[in-house]
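Read in order, the letters of the sequence shown correspond to residues 218 to 491 in my numbering.
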Amino acid sequence: MHALRAIPGACSLADLDTAGTPGFVGSKSDALRLLQARGKHLHTLQEKLYANAVSGNGRSVLLVLQGMDAAGKGGIIRHVLGMVNPEGIDHAPFGVPSSEERLHHFLWRVHKALPRLGHIGVFDRSHYEDVLVARVRKLVPEAVWQGRYHEINEFERQLAGQGMVIVKVAMFISLQEQKQRLLQRLRDPHKNWKYSPRDVDDRLQWPHYRDAYQALLDRTSTEVAPWYVIPCDHKWYSRIAVAELLIAALETMDLTWPPAQYDLQKEITRLQRS
Ligand code: ADP
Numbered sequence: 218m219h220a221l222r223a224i225p226g227a228c229s230l231a232d233l234d235t236a237g238t239p240g241f242v243g244s245k246s247d248a249l250r251l252l253q254a255r256g257k258h259l260h261t262l263q264e265k266l267y268a269n270a271v272s273g274n275g276r277s278v279l280l281v282l283q284g285m286d287a288a289g290k291g292g293i294i295r296h297v298l299g300m301v302n303p304e305g306i307d308h309a310p311f312g313v314p315s316s317e318e319r320l321h322h323f324l325w326r327v328h329k330a331l332p333r334l335g336h337i338g339v340f341d342r343s344h345y346e347d348v349l350v351a352r353v354r355k356l357v358p359e360a361v362w363q364g365r366y367h368e369i370n371e372f373e374r375q376l377a378g379q380g381m382v383i384v385k386v387a388m389f390i391s392l393q394e395q396k397q398r399l400l401q402r403l404r405d406p407h408k409n410w411k412y413s414p415r416d417v418d419d420r421l422q423w424p425h426y427r428d429a430y431q432a433l434l435d436r437t438s439t440e441v442a443p444w445y446v447i448p449c450d451h452k453w454y455s456r457i458a459v460a461e462l463l464i465a466a467l468e469t470m471d472l473t474w475p476p477a478q479y480d481l482q483k484e485i486t487r488l489q490r491s
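What follows is the structure in structure tokens.
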């Protein structure tokens, strides 16, 4: 999955092949089969993460999902995180800030949404909206959003210093693929609820969003919190790619099953006699 990592200055969104499948050779059905098998491993790793937290050695993982509308964030949550025990997931969606949130620093609501120890936190959009939509729609002066890149890097450095493993995923589809997916949402009454007129407004602003995403990759892909750029025209690819990234993140933690904090033999005897 190293092929997906955004190296600042060396990753050009203008050249991205959104239909590509970097690091994966195989068909859709191969990917679906692999996802099932890897899901079991992911499930076990998350359980170890949780077990360690219960035993006092608490750490967490934060998966940041950012991407164009209809890029498939929801599908990642259902199909990748859906393979993990739901008790182990802390899902946090970030929509338009509430009137209360607007009265605070932009990271205020982010602090409150951080995952609990032993959990995989999923940011469904994130603090990066504050250098994306805020920049493109000119919601704050330029000096403000410019300062946020540094603030975000510092914030994430602190989180990593506290033992959190951060995986940031930027999801892209072609404009043609996006049009098809949005049209489907309009034509299928069961999907109308997923559509928002803002989606077309944002689509019309894509060149500006692309610049904002490019700046984000160049300025906030750090050693402790790297960005991974995921081509998402093929949903089966993006799902296996994110599953592998999460597995790799959990594996860096060298998790083992915590030993019993009681006398095992004595408890077996006590239970048998009871
Ligand atoms: P989604 O499109 O992810 O399914 P919503 O329909 O709730 O979810 O849309 C979330 C909207 O909130 C997006 O248009 C996004 O740009 C906007 N948003 C998120 N964070 C901010 C922010 N900090 N400032 C302004 N708008 C934001």
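A virtual CB, placed ideally from N, CA and C, is assigned to each residue, including glycine.
Item to check | Distance CB(VAL339)-CB(ALA466) smaller than 8 Å | outcome: Between VAL339 and ALA466, the C-beta spacing is not below 8 Å.
Item to check | Residue environment, HIS219, which counts as buried when at least 16 other CB atoms sit within 10 Å | outcome: By the 10 Å Cβ count, HIS219 comes out exposed.
Checklist entry - Between LYS396, ASP347, ILE369, HIS344, which lies nearest to VAL441 when the distance is taken from Cα to Cα? => result Measuring from the Cα of VAL441, the nearest candidate turns out to be ILE369.
Checklist entry - Using 8 Å as the threshold, is the region 411-420 in touch with the region 371-385, meaning 3 or more CB pairs across them? => result No: fewer than three Cβ pairs fall under 8 Å.
Checklist entry - Tell me the DSSP bridge mates of GLY338? => result Bridge partners of GLY338: LEU279, ASP307.
Checklist entry - Would you call the CB atoms of TYR445 and VAL386 closer than 8 Å? => result Yes, they are a contact pair.
Checklist entry - So what's PHE323 in DSSP terms, helix, strand or just coil? => result Annotated three-state conformation of PHE323 is coil, per DSSP.
Checklist entry - What did DSSP end up calling TYR445 once you bin it into helix, strand or coil? => result Shown here, TYR445 sits in a strand according to DSSP, grouped into three states.
Next on the checklist: What does the Cβ neighbour count give for ARG398, buried or exposed, with the cut at 16 atoms within 10 Å?
Outcome noted: Classification for ARG398: buried.
Checklist entry - Does DSSP classify PHE389 as helix, strand or coil? => result Note: PHE389 maps to strand in three-state DSSP.
Checklist entry - Taking DSSP as the reference, what is the three-state secondary structure of GLY292? => result The answer is helix: DSSP assigns GLY292 an H, G or I state.
Next on the checklist: Per the DSSP calculation, ILE383 is bridged to which residue(s)?
Outcome noted: Its beta-bridge partners are LEU279.
Checklist entry - Got a sec: is the Cβ-Cβ distance from GLN397 to anything in chain C below 8 Å? => result Absent here is chain C; the protein component of the structure consists of one chain.
Checklist entry - With DSSP run on the structure shown, which of helix, strand or coil describes ARG402? => result Three-state result, ARG402: helix.
Checklist entry - How is GLY256 classed by DSSP in three states: helix, strand or coil? => result Here GLY256 carries a helix assignment [DSSP, helix/strand/coil].
Checklist entry - So what does DSSP say about GLY364, is it helix, strand or coil? => result The three-state reading of DSSP puts GLY364 in helix, counting H, G and I together.
Checklist entry - Under three-state DSSP, which class holds GLY243? => result Here DSSP, grouped into helix, strand and coil, assigns GLY243 to coil.
Item to check | Cβ contact (3+ pairs, closer than 8 Å) linking the region 254-271 and the region 300-312 | outcome: Yes: at least three Cβ pairs fall under 8 Å.
Next on the checklist: Between PHE389 and the ligand ADP, is there a pair consisting of the residue's CB and a ligand heavy atom that are separated by less than 7 Å?
Outcome noted: Distances from the CB of PHE389 to the heavy atoms of the ligand ADP are all 7 Å or more.
Item to check | Same chain, Cβ closer than 6 Å to GLU461, neighbours up to 5 away in sequence not counted | outcome: Counting only Cβ-Cβ distances below 6 Å, and skipping sequence neighbours, we find MET218.
Next on the checklist: Please identify the residue among PRO424, SER343, SER438, ILE447 whose C-alpha is closest to the C-alpha of PHE389.
Outcome noted: For PHE389, the closest C-alpha among the options PRO424, SER343, SER438, ILE447 is that of ILE447.
Next on the checklist: Shorter than 7 Å, the distance from the beta carbon of LYS187 to the closest heavy atom of the ligand ADP, or not?
Outcome noted: Nothing about residue 187 can be reported from this structure: the residues present for the chain run from 218 to 491 only.
Next on the checklist: Whole angstroms are fine: how far does the CA of LYS355 sit from the CA of ARG295?
Outcome noted: The alpha-carbon atoms of ARG295 and LYS355 are separated by roughly 33 Å.
Checklist entry - Assuming ASN269 and GLY364 make a contact with CB atoms under 8 Å, what is their CB distance in whole Å? => result GLY364 and ASN269 do not touch by the CB rule: their CB atoms are close to 37 Å apart, not below 8 Å.
Next on the checklist: Looking only at its chain, what residues have a beta carbon closer than 8 Å to the beta carbon of TYR342, apart from the 5 residues adjacent to it on each side?
Outcome noted: Here the sequence assigns Arg to residue 342, which means Tyr is not the residue at that position. Excluding positions up to five away in sequence, the list reads LEU282, GLN283, LYS290, PRO310, PHE311, GLY312.
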